[in-house]
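Peer 1: Quick one: the structure is below, questions incoming.
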Amino acid sequence: MHPVIELDGLEVRFGQRVILKQLKAALTGRAIGLLGPNGAGKSTLINTLLGFHKPSAGTARILGRDIRTQAREVRSLVGYMPENDAYISSMTGVHMVRMMAELAGLPREHALERAHEAFFYVGLGEVRYRAIGTYSLGMKQAAKLAQAIAHGPKVLFLDEPTNGLDPPARTRMIQLIQEIRDRGDLHLLLSSHLLHDVEDCCDQVLILKDGNIAAFCNLEEERRANRRFLELETRGGNNGDFLDAVVKLGCETAPGVQGRIKLVMPEGLDVRRLYEIAAGQNVQIRRLNRKRDSLEDIFLKAMESANGRL
Amino acid sequence: MAVYKKTYRPYEGELTASWSRFLVIPRYAFEELHGKRFLTIFFLASFIYPLICALIIYVQHNVSALSLLGVQQQGARNLISINVTFFMSLLGWQSVMALFLASFIGPGLVSPDLANNALSLYLARPFSRAEYVIGKMSVLAILMSLMTWVPGLLCFGLQGYLEGWGWMRDNWRLASGVFFGSWVWILILALLALALSAWVKWKPAAGGLMFGVFFVASAFGGLINVVQRTRWGNLFNISHLIGVVWVQLFEGSHQTTNGAVFFRVMQGEQLPLWTAWMALAVLAFICLYMLRRKIRGAEVVR
Numbered sequence: 001m002h003p004v005i006e007l008d009g010l011e012v013r014f015g016q017r018v019i020l021k022q023l024k025a026a027l028t029g030r031a032i033g034l035l036g037p038n039g040a041g042k043s044t045l046i047n048t049l050l051g052f053h054k055p056s057a058g059t060a061r062i063l064g065r066d067i068r069t070q071a072r073e074v075r076s077l078v079g080y081m082p083e084n085d086a087y088i089s090s091m092t093g094v095h096m097v098r099m100m101a102e103l104a105g106l107p108r109e110h111a112l113e114r115a116h117e118a119f120f121y122v123g124l125g126e127v128r129y130r131a132i133g134t135y136s137l138g139m140k141q142a143a144k145l146a147q148a149i150a151h152g153p154k155v156l157f158l159d160e161p162t163n164g165l166d167p168p169a170r171t172r173m174i175q176l177i178q179e180i181r182d183r184g185d186l187h188l189l190l191s192s193h194l195l196h197d198v199e200d201c202c203d204q205v206l207i208l209k210d211g212n213i214a215a216f217c218n219l220e221e222e223r224r225a226n227r228r229f230l231e232l233e234t235r236g237g238n239n240g241d242f243l244d245a246v247v248k249l250g251c252e253t254a255p256g257v258q259g260r261i262k263l264v265m266p267e268g269l270d271v272r273r274l275y276e277i278a279a280g281q282n283v284q285i286r287r288l289n290r291k292r293d294s295l296e297d298i299f300l301k302a303m304e305s306a307n308g309r310l
Numbered sequence: 311m312a313v314y315k316k317t318y319r320p321y322e323g324e325l326t327a328s329w330s331r332f333l334v335i336p337r338y339a340f341e342e343l344h345g346k347r348f349l350t351i352f353f354l355a356s357f358i359y360p361l362i363c364a365l366i367i368y369v370q371h372n373v374s375a376l377s378l379l380g381v382q383q384q385g386a387r388n389l390i391s392i393n394v395t396f397f398m399s400l401l402g403w404q405s406v407m408a409l410f411l412a413s414f415i416g417p418g419l420v421s422p423d424l425a426n427n428a429l430s431l432y433l434a435r436p437f438s439r440a441e442y443v444i445g446k447m448s449v450l451a452i453l454m455s456l457m458t459w460v461p462g463l464l465c466f467g468l469q470g471y472l473e474g475w476g477w478m479r480d481n482w483r484l485a486s487g488v489f490f491g492s493w494v495w496i497l498i499l500a501l502l503a504l505a506l507s508a509w510v511k512w513k514p515a516a517g518g519l520m521f522g523v524f525f526v527a528s529a530f531g532g533l534i535n536v537v538q539r540t541r542w543g544n545l546f547n548i549s550h551l552i553g554v555v556w557v558q559l560f561e562g563s564h565q566t567t568n569g570a571v572f573f574r575v576m577q578g579e580q581l582p583l584w585t586a587w588m589a590l591a592v593l594a595f596i597c598l599y600m601l602r603r604k605i606r607g608a609e610v611v612r
């Protein structure tokens with residue numbers, strides 16, 4: 001089984017400036033987030049994977065196809081929603097999406113059918129015969145998504161899909177992306193500088209900083225691990241007895257000051273058991289936090305590292 | 311009303327041949343052009359001259375039509391000869407019409423895609439930059455073909471049919487001149503129109519520049535000729551270069567004419583044939599270089 005995206009010492013230069021520096025990673029997730037501050041190289045990475053920029057060294061593979069030697073094949077697997085406005089202003093929405101599907105190789109009648117479907121799917125069914133130039137920003141974003149999925153790609157590149165959207169439109173876009181992800185028919189690469197977008201949609205995250213990989217984490221594993229990590233604040237009773245009882249349940253504990261306890265629960269143990277033991281020991285659990293190393297924490301740690309590498 | 315599924319589903323059906331996908335571009339372009347009334351009228355009007363030529367050929371060979379006009383057949387032949395000048399004039403007029411057409415249509419082919427970043431949509435598909443350029447060029451090439459060599463060869467065929475196989479055999483060079491001469495002009499015009507369209511995003515300016523390249527450059531060439539007392543200024547005169555090539559294509563080394571309409575070569579100012587070909591090749595390479603710089607999926611900011 002090939003990784004979805006494999007970066008193999010990928011380096012991209014624009015003149016003397018090195019934009020992507022020897023990137024190495026194997027991304028296997030269903031939905032991969034690409035995070036980083038502005039200028040980190042997110043869009044350059046996507047453009048390089050699409051063959052718009054030539055790597056100066058190394059290469060990358062998408063579902064096993066090399067971007068250097070099999071660029072056409074790579075592009076036949078990919079759907080791309082660009083960051084900026086991208087449309088043919090004189091065409092109606094459905095006309096443009098149909099043309100793009102035909103350019104991807106779909107026969108005319110299939111392209112027409114799928115263009116309509118894609119427009120209904122992204123919620124633009126009623127305006128599909130209007131010239132794209134007259135669409136609002138949110139509509140244009142949705143139309144870009146429609147043209148990216150109309151030909152049924154295996155990998156979908158979304159470059160800042162919620163850019164410029166108001167909160168309801170953003171929510172709708174995120175829902176669409178989640179729906180596409182959950183169907184399981186394709187892989188997603190979502191580039192964004194908005195942590196929430198990535199957190200909501202992705203199971204793996206690659207964080208770029210100054211053209212380097214600053215962090216790579218599996219959000220799903222992080223979430224699983226975080227679910228077992230607790231921080232308690234207790235009052236009354238004998239805290240020592242309570243701690244002993246908790247350890248007997250298989251928890252790892254670390255007592256702190258003023259009745260605070262950090263603990264990692266074993267698999268299968270319900271939090272309710274802690275409350276039951278506390279009640280038996282006359283200990284009040286005043287507060288229980290699931291200490292979570294959120295994506296924000298991971299991102300901030302990555303940004304603090306001096307050379308962009310954790 | 312059709313009911314469409316509001317869900318995403320992968321595509322598992324058949325795909326078209328990859329070599330044929332560039333033809334999608336002219337098909338959509340023609341659909342769009344068809345809605346422009348002025349262009350449709352202009353395009354239809356451009357067939358008036360070939361129709362007149364076809365009529366002349368027909369009347370010349372139709373004794374009853376000539377007698378109705380009160381003209382002897384030999385007299386009609388002396389009045390208008392169906393020879394190299396006839397076909398070169400036909401090609402000359404039609405080529406001027408093609409220049410106008412390229413100026414109207416050409417600027418709208420690439421510049422809107424660049425202005426609205428649509429190139430990233432085209433090139434994110436299994437569709438190369440070369441295919442994009444060929445697709446856009448074919449819009450102009452198909453229309454200009456219908457205006458130049460297609461009516462030219464039809465007139466040649468009509469004359470051959472009426473005059474006999476011997477005439478066709480003796481004058482095959484006229485047919486090849488019409489065909490290849492048209493293609494030289496079509497390729498130069500199409501490349502120039504696309505290159506200007508890629509660099510000048512404002513359509514009226516790009517259209518104006520098309521004429522500018524022909525008229526201003528030829529005036530500049532003329533100025534060089536006068537000031538330097540040379541003929542090499544004609545290297546800037548595209549219509550002169552085309553004229554030199556046409557005369558050679560129509561007549562070979564036995565030249566009796568000096569080009570046609572807009573493409574006339576002044577006596578004594580004629581450039582050597584190889585320099586005309588070379589200058590046209592350089593112009594084509596410059597246009598290709600301009601297109602190569604601009605037709606990209608993503609702009610590189612160095």
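Sequence lines, in order, name chains E and A. Residue 136 in my numbering is what sits at position 136 of the first sequence, and the numbering runs on without skipping anything. Remember, my numbering sits 310 above the position in the second sequence when you count from 1. Cβ coordinates follow ideal geometry from the N, Cα and C atoms, glycine included. Quick caveat, the model's predicted, so the values are computed rather than measured.
1. Between E:Val12, E:Gly36, E:Gly29, E:Pro168, which lies nearest to lysine 301 of chain E when the distance is taken from Cα to Cα?
2. Can you round the beta-carbon distance between isoleucine 496 of chain A and alanine 451 of chain A to whole angstroms, since I take them to be within the 8 Å contact cut?
3. Is it true that the CB of glycine 64 of chain E sits closer than 7 Å to the CB of aspartate 8 of chain E?
4. Measuring CB atoms only, is the segment 106 to 115 of chain E touching the segment 173 to 190 of chain E, in the sense that at least three cross pairs come out at less than 8 Å?
5. Taking the beta strand (DSSP E) that threonine 322 of chain E belongs to, which residues open and close that run?
6. In its own chain, which residues sit with a C-beta less than 7 Å from the C-beta of glycine 237 of chain E, not counting the 5 before and 5 after it?
7. Who are the Cβ neighbours of glutamate 441 of chain A in its own chain at under 8 Å, not counting the five residues just before and after it?
8. Can you give me the C-alpha to C-alpha distance between valine 198 of chain E and serine 191 of chain E, rounded to a whole angstrom?
9. Around the Cβ of valine 610 of chain A, are there at least 16 other Cβ atoms within 10 angstroms (buried) or fewer (exposed)?
10. Taking 7 Å as the CB-CB limit, is arginine 309 of chain E close to chain A?
11. For the segment 566 to 599 of chain A, list every residue whose C-beta sits within 9 Å of some C-beta in chain E, in sequence order.
12. By a C-beta neighbour count over all protein chains shown, 10 Å radius and 16 as the cutoff for buried, is valine 94 of chain E buried or exposed?
13. For arginine 287 of chain E, count the other beta carbons within 10 Å of its own beta carbon; 16 or more makes it buried, fewer makes it exposed. Which is it?
14. Whole-angstrom Cβ separation of leucine 652 of chain A and lysine 511 of chain A, contact assumed at under 8 Å?
15. Please compile the residues from chain A whose C-beta is within a distance smaller than 7 Å of the C-beta of asparagine 84 of chain E.
16. Does the beta-carbon of asparagine 38 of chain E have 16 or more other beta-carbons within 10 angstroms, so that it is buried, or is it exposed?
17. Let me see if you follow: with CB-CB separation under 7 Å, is methionine 139 of chain E close to chain A or not?
18. Nearest to tyrosine 599 of chain A by CA position, among A:Met520, A:Leu468, A:Thr395, A:Val443, is which residue?
19. Distance, Cα to Cα, proline 82 of chain E vs leucine 124 of chain E?
20. Would you say serine 430 of chain A reaches chain E, if we count a Cβ-Cβ gap shorter than 7 Å as a contact?
21. For isoleucine 351 of chain A, count neighbouring C-beta atoms within 10 Å of its own C-beta (all shown protein chains included) and say buried if the count is 16 or more, exposed if not.
22. Just to confirm the assignment, what range does the beta strand (DSSP E) spanning tyrosine 80 of chain E have?
23. Are any of the Cβ atoms in chain E nearer than 7 Å to that of threonine 350 of chain A?
24. Among the residues of its own chain, which have a CB less than 8 Å from the CB of alanine 639 of chain A, if the five just before and after it don't count?
25. Between A:Ile392, A:Leu583, A:Gly491, which has its C-alpha nearest tryptophan 542 of chain A's C-alpha?
26. In whole angstroms, give me the CA-to-CA distance for asparagine 568 of chain A and alanine 586 of chain A.
27. Which value, in whole angstroms, describes the spacing of the CA atoms of alanine 306 of chain E and isoleucine 207 of chain E?
28. Counting along the chain, where does the beta strand (DSSP E) carrying glutamine 312 of chain E start and finish?
29. With 9 Å as the C-beta to C-beta threshold (strictly closer), list the residues of the segment 184 to 208 of chain E near chain A in chain order.
30. What are the residues that DSSP puts in a beta bridge with cysteine 312 of chain E?
31. Using DSSP with H/G/I as helix, E/B as strand and the rest coil, what is glutamine 22 of chain E?
32. Report yes or no: do three or more beta-carbon pairs, one from the segment 469 to 483 of chain A and one from the segment 137 to 155 of chain E, lie closer than 8 Å?
33. Any beta carbon from chain A within less than 7 Å of glycine 152 of chain E's own beta carbon?
34. Residues of the segment 434 to 460 of chain A in Cβ contact with chain E at a cutoff of 7 Å, in chain order, please.
35. What three-state label does DSSP hand leucine 7 of chain E in the structure shown?
36. Glycine 323 of chain A CB to nearest chain E CB: under 7 Å?
Peer 2: With the structure as the only source:
1. Out of E:Val12, E:Gly36, E:Gly29, E:Pro168, E:Gly36 has the C-alpha closest to the C-alpha of lysine 301 of chain E.
2. The C-beta separation of isoleucine 496 of chain A from alanine 451 of chain A comes to about 5 Å, placing the pair in contact by the 8 Å criterion.
3. Taking 7 Å as the Cβ cut-off, aspartate 8 of chain E and glycine 64 of chain E do not qualify as a contacting pair.
4. Flag = no, the segment 106 to 115 of chain E and the segment 173 to 190 of chain E do not touch.
5. Given a span of 1 to 310 for chain E in the structure shown, any question on residue 322 of chain E remains unanswerable.
6. These residues qualify, in order along the chain: Gln281, Asn282, Val283.
7. So the list reads Arg331, Phe332, once near-sequence residues are dropped.
8. Taking the CA atoms as reference points, valine 198 of chain E sits about 8 Å from serine 191 of chain E.
9. Result: exposed.
10. At arginine 309 of chain E, the pLDDT of 48 sits below 50, so the modelled position is not reliable; the number obtained from the coordinates is stated separately. Cβ-Cβ to chain A under 7 Å: no for arginine 309 of chain E.
11. Per Cβ criterion, the list is empty.
12. Buried is the call here.
13. A residue is called buried once 16 or more other Cβ atoms fall within 10 Å of its Cβ, and arginine 287 of chain E, having fewer, is exposed.
14. The structure shown does not extend to residue 652 of chain A, since chain A spans only 311 to 612, so no value can be given for it.
15. Under the 7 Å cutoff, chain A gives Asn427.
16. It is exposed - the Cβ of asparagine 38 of chain E has fewer than 16 other Cβ atoms within 10 Å.
17. By this cut-off, methionine 139 of chain E is not an interface position.
18. Closest option to tyrosine 599 of chain A, judged by alpha-carbon separation, among A:Met520, A:Leu468, A:Thr395, A:Val443: A:Val443.
19. Between proline 82 of chain E and leucine 124 of chain E, the C-alpha separation is close to 18 Å.
20. Residue-level contact check: serine 430 of chain A touches chain E, since one or more beta carbons of chain E fall below 7 Å from its beta carbon.
21. The residue in question, isoleucine 351 of chain A, is exposed, as its Cβ has fewer than 16 Cβ neighbours within 10 Å.
22. If you look at tyrosine 80 of chain E, you'll find it in the beta strand (DSSP E) that goes 78 to 81.
23. Not one chain E Cβ lies under 7 Å of threonine 350 of chain A.
24. Residue 639 of chain A lies beyond the range of chain A shown here (311 to 612); nothing can be said about it.
25. Sorting A:Ile392, A:Leu583, A:Gly491 by C-alpha distance to the C-alpha of tryptophan 542 of chain A places A:Leu583 at the top.
26. For asparagine 568 of chain A and alanine 586 of chain A, the distance between alpha carbons rounds to 14 Å.
27. Note that alanine 306 of chain E scores 49 on pLDDT, short of 50, meaning its location in the model is unreliable and no value can be drawn from it.
28. In this structure chain E extends from 1 to 310, so residue 312 of chain E is not present and cannot be described.
29. Hits within the stretch, in order: Asp185, Leu186.
30. Since the displayed chain E opens at 1 and closes at 310, residue 312 of chain E lies outside it and no answer follows.
31. Shown here, glutamine 22 of chain E sits in a strand according to DSSP, grouped into three states.
32. No contact exists between the segment 469 to 483 of chain A and the segment 137 to 155 of chain E.
33. So yes, glycine 152 of chain E belongs to the interface.
34. For the segment 434 to 460 of chain A, the set of positions with a beta-carbon nearer than 7 Å to some beta-carbon of chain E reads Ala434, Arg435, Pro436, Phe437 in chain order.
35. Note: leucine 7 of chain E maps to strand in three-state DSSP.
36. Answer yes: the Cβ-Cβ gap between glycine 323 of chain A and chain E drops below 7 Å somewhere.
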